[in-house]
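Read the structure below first, then the notes.
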Amino acid sequence: MDSKQVSTKPKSSLKAKVQRFGTALSGMIMPNIAAIIAWGLVTALFMVPGGWMPNKHIAQLINPMLHYLLPLLIGYVGGRMVYEERGAVVGAIATTGVIVGAKVPMFLGAMIMGPLGGWCIKKFDQLFLDKIKTGFEMIYNNFSAGILGMILAIIGQFIVNPLVVSGSNLAAKGVAWIISVHLLPLANVFIEPAKVLFLNNAVGNGILVPLGIQQASQAGKSILFLLESNPGPGLGILLAFCMFGKGNAKASAPGAVLIHFFGGVHEIYFPYILMKPMLIISAILGGVAGTFTFQIMGAGLKAAASPGSIIAVLLMTPKGSYLANLAGVLVAAVVSFVVSVPILKNNKSTDEDLDAKKEQMEQMKSDSKATDPKLDTTNVKVSIQKIIFACDAGMGSSAMGASLLRDKLKKEGVTDVPVTNLAVRNLKPEPNLLVVTQNELAERALEKTPDAMHVSVDNFMNSPRYDEIAQMLKQDNSSVSEVETKQPGHSIFSDIDFAQIKQIRFVTDSHHVGSTTMAVSEFNQELQTADKALRADRVILSDVKDQADQLLVTTTALQADLRAKVSQAQVVVVSNMLENDDLKELVLHLN
Amino acid sequence: MELKKKMIRLNQHFSTKEEAITAAGQLLVEDHCVQPEYVQSMIDRNNELSTYMGNFIAIPHGTDAGKQYIHKTGISVMQIPEGVEFGSAKDSKLVTIVFGIAGLNNEHLDVLSQIALFCSKLGNVAQLSDAQSEQEIINLLKEVGE
């Protein structure tokens, strides 16, 4: 990206920044909801004690899933958001560093290390990828990501891990302090944000449950069990999404309600808050109102309701407290719903953001569709961030094409656009993508990646498109390429009598048949393009016959031998038969 | 991987592209790189989509489905000084060098990349087409890697 594009973007407000941050966070969680549900179900069903059908053997899954699987997945997706597969792998390696040794599930750490890992390898590649010699890419790819991942994992272990751990300790201490000063409802001011950052277990199991067990052992019930496991605040937010949400969020909210409220997997509503961070206010107010209701009505549970499902809550409710407990949940849900509705309804800035994004997309679409075979280099230059060469099997032609284009870009000083090769069937839509294919495959490539910019080439080895792409991507357009001007005047054809030429032959010796074949073919194509009737052929020096209507083309090396053989035929001597400007000029003189 | 002398044939004459592809494929079979079925898949691939690359070279290789016949990575080279037509009478695509390719796990990409960079200059293709020994071809292609 260059500065031009950045400056045309609307200046983003703090709010928009927070929102983008929240979207990024939820983007790391959303794809992993299935894993969270799997873990939640295993916990709800088989946990010992507390599950529906406690089973020690199956319950062994609970901890590794929570402590390793979920953070690693989040780290992986977080890395992928920044830098595809490579970023994902480095992100996951780095996440391991914050996981080991931590007693809390490292969701937060994963959300830091994943994108950080992706970013590091991306920057690293930008610096070094183009300096890698052909043939060493594989070694570079694996070792750079491996070594970087290792370093990040160690940094995570020593720096990020303690930071996150002390963060959750702080939240836990805050809750403990509030309980000690008897301002119980305010505990939710800490609890709700901590939950959304996946510190719910630290707060719940770390502080509330142990304190609750103490209270319950004396009083038979404790309100502390309800503070974190109250499904009310989350329910209110999800219901608000069901009615006033937009697009995907709205469509997925009803399912989330079931999983959250009855399954007790609170994690499912966290991404919805991360999408619209303002909603944390609903969660806090809902939680505070709920706890307040619990307190004045004398609610409490016999033991911890884990997971925080309404069913678990009711199962743990002592006789006589049903009304109080249900009231607290209901009040929490109503309050958080009522607060969420205006936030969802009046969030104009995001709507504009979305609309603006859509418009931008449409614009890009129409740009790419309108691109005709000759590259239209206006406007698209800055948007291309990746080039993929596609062919049938991804085995031959595309690899060659990619090598050549990479080389060309490097020579033009374009270093920040990676060029890779792929089989057409493996193409997938990506933003800011340029796809290069053989003409015959252009249609299939377009089907696979309708939004990408497409360029098709006829000649993989020497396509003028490569230069056009390189020029298009060239950062610095200021240097005007120098136009080579040919010296006029002297021509090697000035003493040739073209009128009598009926035959043109390229003379070679037996050691240069191949290159002469090429030269003849090249020359004939020039003749064809110029609409000339005459065609050249190739002849070995020993077979040359001396005829006046012949024009013989030969090289400096054979000149003497040829001249010794012929006297009538006219002779043109060139230093080199291929890509020779003199021969191109010769075409124009012929019939 | 490296190019092997026994995988290079100089001064070959073919009247059709199928003959040229078959010969290039046959060398791969002889070197136990591929099963004989792969040769047909090379011809099929070329019919579907020409493996003519421009600059007088072609790189016949199998279809995606033909990958199952590959035992190991290999590259064969056919030098055809008089050329063989990969195009049509109207749209001539003469080829003087044919690289037969069987690629597994991208092991062939370094050599292929060298070939591509080297052959992007017409003069270099001319040198390959004129080469008088197998070693000369190996040396020419080697230069690019360094």
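Chains A and B, in that order, give the protein sequences. In terms of full-length UniProt numbering, the first sequence opens at residue 1 and continues consecutively. In terms of full-length UniProt numbering, the second sequence opens at residue 1 and continues consecutively. We put the CB at the ideal spot given by N, CA and C, even for glycine. None of the values given here were measured: they were computed from a predicted structure.
For Ala390(A), no alpha helix (DSSP H) segment is defined; the enclosing uninterrupted segment is the beta strand (DSSP E) at Lys386 to Cys391. Ile75(B) has Ile101(B) as its beta-bridge partners, per DSSP. Closer than 8 Å to the CB of Phe56(B) there is at least one CB belonging to chain A. About 6 Å separates the beta carbon of Gln127(B) from that of Leu140(B), a gap short enough to meet the 8 Å contact definition. Counting every other CB atom within 10 Å of its CB across the protein chains shown gives Asn346(A) a total below 16, marking it as exposed. The bridge partners DSSP lists for Leu422(A) are Ala390(A).
Straight through space, the alpha carbons of Asp130(A) and Thr415(A) are spaced by roughly 6 Å. Closer than 8 Å to the CB of Glu440(A) there is at least one CB belonging to chain B. Using a CB distance cut-off of 8 Å, Gly514(A) counts as an interface residue toward chain B.
Setting aside the 5 residues that flank it on each side, Ile311(A) is surrounded in the same chain by Phe262, each with a C-beta closer than 7 Å to its C-beta; the list follows chain order. Nearest C-alpha to His61(B) among Phe14(B), Thr16(B) and Val29(B): Val29(B).
If you draw a straight line from the Cα of Val84(B) to the Cα of Val98(B), it is about 10 Å long. The beta-carbon separation of Val436(A) and Leu405(A), rounded to 7 Å, stays under the 8 Å limit for a contact.
Excluding its 5 nearest sequence neighbours in each direction, Ile281(A) has C-beta neighbours in its own chain below 7 Å: Val339, listed in chain order. Using a 10 angstroms sphere on the CB of Leu152(A), the tally of other CB atoms reaches 16 or more, which defines it as buried. In the displayed model, Met53(B) falls within a strand according to three-state DSSP. DSSP lists no bridge partner for Leu129(A).
In the DSSP annotation of this structure, the continuous segment of the alpha helix (DSSP H) that includes Ala171(A) starts and ends at Asn161 to Ser180. Counting only runs that start and end inside the region 502-538 of chain A, the beta strand (DSSP E) elements of at least 3 residues fall at 503-508. For Gln79(B), the chain A residues whose Cβ falls inside 9 Å of its Cβ are Gly514, in order along the chain. Three or more Cβ pairs drawn from the region 43-59 of chain B and the region 93-113 of chain B lie within less than 8 Å of each other, which places the two stretches in contact. In the three-state reduction of the DSSP assignment, Gln295(A) falls in the helix class. Under DSSP, Ser542(A) takes part in no beta bridge, so it has no partner. Assigned with DSSP and collapsed to three states, His32(B) falls in coil, not helix or strand.
Using a Cβ distance threshold of 8 Å, Glu267(A) and Gly114(A) do not count as a contacting pair. A residue is called buried when at least 16 other Cβ atoms come within 10 angstroms of its Cβ; Ser113(B) meets this threshold and is buried. DSSP places Ser456(A) in the uninterrupted beta strand (DSSP E) bounded by Met453 to Val457. Residue environment: Arg535(A) is assigned as exposed (fewer than 16 neighbouring CB atoms within 10 Å of its CB, all protein chains considered). Of Ala102(B), Ile138(B) and Gln35(B), the smallest CA-CA separation from Phe118(B) is found for Ile138(B).
In this structure, the straight-line span from the alpha carbon of Gly78(A) to that of Thr420(A) is close to 23 Å.
For a cut-off of 8 Å, the C-beta gap from Leu122(B) to Glu579(A) is around 5 Å, short enough to register as a contact.
Between the C-alpha atoms of Gly109(A) and Ile154(A) there is a straight-line separation of about 13 Å. Counting of Cβ neighbours within 10 angstroms places Ala548(A) among the exposed residues, the total staying below 16. Pro271(A) and Met81(A) do not touch by the CB rule: their CB atoms are close to 14 Å apart, not below 8 Å.
About 13 Å separates the Cβ atoms of Leu315(A) and Lys221(A), ruling out a contact at the 8 Å cut-off. Residue-level contact check: Gly83(B) touches chain A, since one or more beta carbons of chain A fall below 8 Å from its beta carbon.
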